[in-house]
Every structure is written in structure tokens, then in C-alpha cells.
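Residue numbers (the working numbering): 28 to 1033.
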């Protein structure tokens, strides 16, 4: 294989020679870092919370479903991600007793819904999360609980339910007696049954409880429970086990959650999934059991809600977070869920940590982030600082600034501007409807019309002008089977060449059940333009309604034989491609009159039949080039399947890379550089600079290394790359033009300075901004400035110098560049060098100090940019264009520049004057003392004190002399966005007149 790759690469020309450099990776364009927009507004699914005090501060560790681990060192007031180099799906966390720095992290969440991600084993840190080490259990895929022996911190138990979609022996209860260095499987039932929970007796750690769970999910069904599910107890640390049955339900069981009462260890509670699920209590360390309650609020969806916690100090206070927050004051016999005031927590609860030092203080993890209570859960506040939303898709419009649209797991549909004054705050995100959010698409013609949906194809149209919405889901017609809508039903908009009856342009709106529907009037009327495009395999339809699961769950997540992907060709609306969740790849070139299935072509390329068609990308460069990603993980196959066809889908070639991890969700070809490809998988974002022959994992673009990338868009105007992740929100890499330049460059040259795009004078909006106490997490705004990109083959040990020359070939600006190996980026703020400012006196935090940092804004025009790195140099031209629409006309910019330069000149004249005074005073002070010299010194020093501030001793003492007056004026000008009016400009005349007078007096004094 390696020989074949070398042969392929050698024929690709200059670019691939560069790609062959062994050290070439995404570090060499790390300057193209992504802006993380979050948001924290709706946060995301929280799977684990643990805490401990360190240095009198409450340290919290929060595990998430797809956003890694976050740490707070101030009780949740702020969080920092600490697991960005590792698998992002967290199943369990545990702190070593007595330590806030030793943490175990089990990857692969165990809330076994259809969209659950897959883990990569167990990790450990001994320094509070700065560094992590993988310590085994790599193939378990899901870890639900970690328990540490309270008497011996080297003894660790790990409950591993194991793979969700396949049989595997990598499941069960594992034990380590050397703090994770080695592991022994101490409880194993069979390849279909894992360990769901484990609990260690707090005072007699030889007593261990464990529950086993038989379960299996397929694309079309989910079964929780079976003969392998059971409840066990060991009295010898797991060497032998006894099955617990006395008082517990008979027949097949499902998931069992167990907790030991911390302040009354003889008492154990267990929530048992059974034909009639219920909460059970034992008062004899698990030997016999009594049913307490089977209330629906406690027992609903037991496969998904697996949290049961008892107050560390109050044996009667029991918490059962589930769909909502339930608490008991009588040991679990009765429960309440009343919330009084504050914020009602988001539904669906998966984690609860009680502060053992103050048991009134609770931290609750939900599908919508973390909530904090100071009164045992009666009142809550939302911690609006965890940007871990789980996007399924992202869309964009062409407004300025353009908007981001997307749907989130259990968290509605949303929109926000991609940039905003002060940054994109939590308050900038606006909700566009409820439910689990998936597709949100602005209309292709009228972007004030937006289409959105929740699970199972519940779609609607929103008019952003009026704020009103209307349902648009196609209704079953005569002769049609019941419509089958995917959990994640596609909504796609595209332009049409057709006209309405009134002659107006129309757009195409597509949605798919098993049939493809098209509307040209915003979803008011629908035309079915296909037969059933799926396999229509009746054996795998409606399985949720006839499930063998101990408890049922039918939320459209198992709807199957449905359309999942729809693409209209960007240049021909009659060409439409459709992918289904059961492996059909359908194609029409006549607007749906006839269809052809191309599935056999990808099967021949080595992809399993019936693999889910997760995305289709039609090349704008070659009408015969088609990219497809396929997902087969619901059949237990986690391989990355990304393919390309160069003959219209008749044959495919599979992309191969040792870098690939995770099943594939999305592939994009750059619309301007066909060599540039982007691939998103369940476990990474990958980039190819040579049309897919080699790939690099994105490690240095400010994304987690193993991000769950669900969607990718490239903005047609700004060239921004927008990335939607299922656990860390939206990322934007602004303007990928430099990557396009790289793919056609000879990267063996020591210095490459890439062409600079013309820049229209523009500044980011300053107001209105959100209130600082409401903003939550804030994503960075887009930087608006001319940007210089240059490539260095090797790291430069010399300072890289950048010089900017105006049209008169005068050097107006000096910049220091970076000397990174690979791509470097330098912004120019459209200012010239600052003036020399008169020296003397205490100037800290004053306009005098700042005047020496800011240069005047340059006018519109052409500029020559020269980059020098060691002995190498290169230059490019930059056109700075006026922007009359923003009030930055050529005349206004020129006038502002002229006004600024007048005061700039005053600053330099004053600096020269003070230098002259200082030189003369120094000379006179060295002369023999005399009355005449003394009088001259006194007069000149007195004159200097008229010019500059010499009595100011602190930042709280203002003194205003001529220097401060011109500095204040200068700063007003160089930070202004418009020139002074004719009347205001007369203020410069006053200063210039005063300067003339000072010059005359100085001549007299000298």
C-alpha cells in the first residue's frame, strides 16, 4: 500500500512533493484557527459531574456527550475545556478520594439513544487535567460508571456496557488493583450483555454491587433487556458473585441503577427496568428487596435515565433526576418535582453532584447544560457558560453579516449572526422552534423565509418579517403508503429557473420521506417527484412498535427505509441525487421522471450494502465528479467510508488514510480549488490539499482533535469555512483563500508571499451590544482587516519584517511578522506608523501614552507590501477600496487622513522641541554656575512645563498642558471613523497657531 501511495503521489506535481515532506501537517497552517461560536445559550447533554475542593476553591469536572471534559476552579462560574486532544464522548468521571487532581475519565457515553457517540477507552490525569494518559479498555466503546475503593485508592472498578450496535466480549465489570495500570474482567455474562452500574460499600469495600444489562440497538430497532440482565453482589471484592433476586421482579430485566446510602450503608436503592419498572429498597445490604414506587416520572425511559443519588448526610433525601427533577424526603417512598422560582431545568437529566460539604448545593446535568441549586433542588439557576451544543446541521445565508442556522439535539432550532458587536454572545442566538432540532434552511430566493423541523419530519415555515410560522409537512395522498420520516429528515433548498404564474422567480424546496417531495411555493403545495426510493424492506419497518424491549420507546428514532440525503446539482436543477438510510443511492437527470440506483457502484468499492448514505457532494468543477460519505456504524462497523466517482456514479474509489477515525458524516469539495477537500466524521475533522490522495487530521485549527463533525459549509462570498459539531457547537475558519493558494504553490520554496485580496474599508459594528451580565459564553467576532499570508519552508530565527509603502513609494508602516514553519498571518489595521511623542513626566494610562501607539488611518489607494525573512524577500500589492455605503468614501477617508496627519505633525514637532530643550538644559547644567545661566535654566524649564505634564504622579492625577491637548485631539482623530466637520477642524488651526507661538518663544529662550 505504501509503495502504491508513493507512486500516486510522485505523479501529482509540485503540490504533492510538498505534501511528501514528513513533517507536513495541519500545524503548518495553524494560523487559520477557527472561531468557536458555541453557543452556551442551550448548551448540550451533560453526562457526568464530579467535584472536590482545592485551595479553598470548588473544582468541578463536567463530562459531556460530545464536547469532552470541562473544568471549573470557581464552583461553576467559568469553565475551561481540558480534554481537547482526546475522544469527546464522555461516559463517566471519578475523582480519587481526597484529591481534586487525580481524575479517571471513561469515554463513550452510556445514555444509549440512537445518536450516542462512541468512546475510545479509559483515561487518567494526575495533574487536574493538564495531561492525560490512556490506561486501557480501548474497545469497550461505552463506559457508564467508575468506582474507587474508599479505603484503597489503587482499587478501581469500571462498568462497561460495551458496544451498542454489535456483539462484543469487550464489556463487563473491570477491576484494577494498581490504579489503572492493569485490568481484570471480574464479571462477564456474554457478548451481548455488559455492566451498567457498580457501587462500592463506603465502609466495607469488599461489598460490591453490580448490574448487568443486555441491550442492542440497530438502525431500525432498540431492545433493552433480556436474560443477561441481572443484579449481583460480591462480598470479596469481585472474586465471586451472587445474583440478587429476593423481592425483585421476575422475568427479563433491563437496565438497573444502584446506589448505596452514604450515611446508612446497610440501605441500598435500585431502580429496576422490568415489565413494571420500579424503585426498590434493601435494608440488609442487598439480600432482600422491597418495592417502593413505580411512579411513571421515576421509571420512564430507564435506558436513558440512569441517575439515582442519595444525600451524603440525610439518609431520607433521595434524588431521581430523569425526564424532570424528582426528590424524596422519605427515603424514596414518595417523590415531588416542584420547582419554585428561578429557572426550571431543561428536561432529560443524566448527572447529579451533591457538594458533600454543603448538601444544599446541587449541580445537575441535563440535555441542556448544567444547573445549580443552593436549596436542594427547589430553585435552580442555569450556568450559561458551557458551549457544548450538539448541532446536526448548519446552514448559512448571504446577508451581511451572514447568519448561521442550525438544529440541536433536544434543543430546538436556532439562528445567529456569524459576527456581532463585542462578539457573538449567548443572547445573539434566537430560537426558531422547539423539539429536537435538525435542518434549518433559509429559502434560496427570499432569505427572510426559513424552513425548520423537529424529529420525524415535523417541519414548518417561518417568516422572519412577521415572526409567524406555519406547518408544511406533506400529507399522505391517495395511493401512497404511510409516510416514513427519518428522525433527521432532510430539508433542502435550491434555486429554480422556473417562474410563478405572476412571473416571479421561484425556489425549489425538497423534503424526503420514502418519497421525494418538491415545492415551489414555500411548502404550501407539494409535488411527489419520485416513487419509493428506499429498499422498502418491510422486515425492518415499524420495529419500534413491535419491539422485544422490556420497556417500549417509540420517538421516531427507529424510523427506517427513509430518505436521508438530498442534493440538487448546482448548475442543473433536473439533476437530483438522493441517499437513503438503507443504502440506496438514487439519481435522476430529468427532474424526477425516472430514477437510477447507483448503490452497486459503492458496494464494489468496498462499502457494505445497506450502508447509510450520510452525504452527497456534487462537484462544481467536473459534472461527472461525485463525492459520497456512508455510515455503517449502526451495524457495528465504525470505519470511515468516503468515496469519489469521476464517471457520474458508475464507479467509486474509496479514500484511504491512516489518519481516519470515526464513521463519516459529511464531505465537501472547495468550490474554487478542487484539490481542497474537507471531511467530517464522528471522530475528527480532516483536510486534504491534493484531492484526497493524502489527508491530515485538524489538530491546530482550534478544534478538538476528535470533534464530532456533522456538517460543513463554505460561504460563497466570504470564503469562510463553517463547521457544525455534535458537542462543541459551530466553528468558523475565516476566509480559506490561503489554503487555496497553498494547494497550487511550490512549498519547497523558502518564502512564499501570497496575493492579498482587495480590501474594502470596513469596521466591525460596535453597538448595540448585549448586557455584560447576560452574555454567557461569547464567540469571537470576525476580524476585519487586510491580512497578509506568507509561507516559510522552515522556521525563521530572524525577525520577519514587513514594510508597507504608499503609492508615492514612501514607507508608511513597519510590522513584525511571525516566523512559524508553514503559513503565517499578519493583520494590518490600515494605520501608518505612530508619531514620536514628547518625552517626560508620568504618562501611564493617559492619552499621551496611547498617542505613541496609534498611527493615522491611511486613505484608500494602492499599497506595496514587502515581507523580508532572513535573506529572502517577496512583495505583493494591496488595493484598499473605499466603502461609500458605510460612510467611508474616498473623499472622507482622504480628509480624515489629512486631518490626522496635521495633528501627527504637531506631535512630532513637539517631540523635537522637547528634545531640543532637554539637550540645551543638559548642556547649561554642565556649565559653571552663574546668575545668567541659572536664569536661562529657570526660564527654559518653566517653558517646558507649559508644554508637557511634569507634576502628574499617578493615574488618578490629571494635568493638562499642550502635549495632552494635542494627544487628546490626536486620539480622537485616529480612532474616528469619519473626518471632522469644517467647524470642528478649526480646532486644529488653534493648535497649529499655538505651536507657532511656542516655536517663536523657544527661539527667543535659546
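We put the beta carbon where it would ideally sit given N, CA and C, even for glycine.
Quantities reported herein were computed from a predicted structural model and do not represent experimental measurements.
- For residue 641, DSSP assigns no beta-bridge partner whatsoever.
- When the beta-carbon positions are compared, residue 174 and residue 130 stay at least 7 angstroms from each other.
- It is roughly 12 angstroms from the alpha-carbon of residue 408 to the alpha-carbon of residue 395.
- In chain order, 251, 252, 279, 280, 281, 300, 301 and 302 place their CB closer than 7 angstroms to the CB of residue 577, counting only its own chain and leaving out the 5 sequence neighbours on each side.
- When DSSP states are grouped into helix, strand and coil, residue 656 belongs to the strand group.
- The continuous alpha helix (DSSP H) containing residue 963 extends over residues 958 to 974.
- By the 16-neighbour rule on beta-carbons within 10 angstroms, residue 482 is buried.
- CA-to-CA, the gap between residue 109 and residue 760 works out to about 22 angstroms.
- Between residue 669 and residue 691, the CB-CB gap stays under 7 angstroms.
- In terms of Cα proximity to residue 436, the closest of 70, 886 and 921 is 70.
- For residue 317, the beta-bridge partners assigned by DSSP are 308.
- The shortest CA-to-CA distance from residue 59 to any of 507, 405, 403 and 818 is the one to 818.
- For residue 915, no beta strand (DSSP E) encloses it, and the DSSP letter there is neither H nor E.
- DSSP places residue 878 inside the alpha helix (DSSP H), whose first and last residues are 874 to 878.
- Ranking 525, 629, 590 and 243 by CA distance to the CA of residue 677 puts 629 first.
- Residue 525 and residue 545 have their C-alpha atoms some 13 angstroms from each other.
- In the displayed model, residue 841 falls within a strand according to three-state DSSP.
- Contact between residue 719 and residue 682 holds, since their C-beta atoms are separated by about 5 angstroms, short of 8 angstroms.
- Following the DSSP letters along the chain, one finds residue 995 inside the alpha helix (DSSP H) bounded by residues 989 to 1001.
- Going by DSSP, residue 628 is part of the alpha helix (DSSP H) stretching over 626 to 631.
- With fewer than 16 other CB atoms across the displayed protein chains lying within 10 angstroms of its CB, residue 1028 is exposed.
- Taken through DSSP and simplified to helix, strand or coil, residue 200 comes out as strand.
- About 7 angstroms separates the beta carbons of residue 612 and residue 624, which is inside the 8 angstroms limit, making them a contact pair.
- Between residue 853 and the set 839, 622, 838 and 894, the nearest pair of CA atoms involves 894.
- Taking all protein chains shown into account, residue 508 has fewer than 16 neighbouring C-beta atoms within 10 Å of its C-beta and is therefore exposed.
- Per DSSP, the continuous beta strand (DSSP E) segment holding residue 891 begins and ends at 888 to 896.
- Contact check between the stretch 170 to 184 and the stretch 229 to 246: three or more CB pairs, one atom from each, fall below 8 angstroms, which counts as touching.
- In the DSSP assignment, residue 1023 falls within the unbroken alpha helix (DSSP H) covering 1009 to 1032.
- Taking residue 936 as the centre and dropping the five residues before and after it, the same chain places the C-beta of 1022 closer than 7 angstroms to its C-beta, in chain order.
- With fewer than 16 other Cβ atoms from the protein chains shown falling within 10 Å of its own Cβ, residue 954 counts as exposed.
- The stretch 690 to 707 makes no contact with the stretch 377 to 393; the number of CB pairs closer than 8 angstroms stays below 3.
- Counting C-beta pairs with one atom in each stretch, the stretch 52 to 66 and the stretch 408 to 420 have three or more that are closer than 8 angstroms, which means they touch.
- For the pair residue 377 and residue 359, the CB atoms are not nearer than the 7 angstroms cut-off.
- In the structure shown, residue 950 adopts helical secondary structure according to DSSP, grouped into three states.
- Contact check for residue 268 and residue 256: beta-carbon distance about 14 angstroms, past the 8 angstroms limit, so the pair fails to qualify.
- In this structure, residue 626 lies away from residue 679, with their beta-carbon atoms at least 7 angstroms apart.
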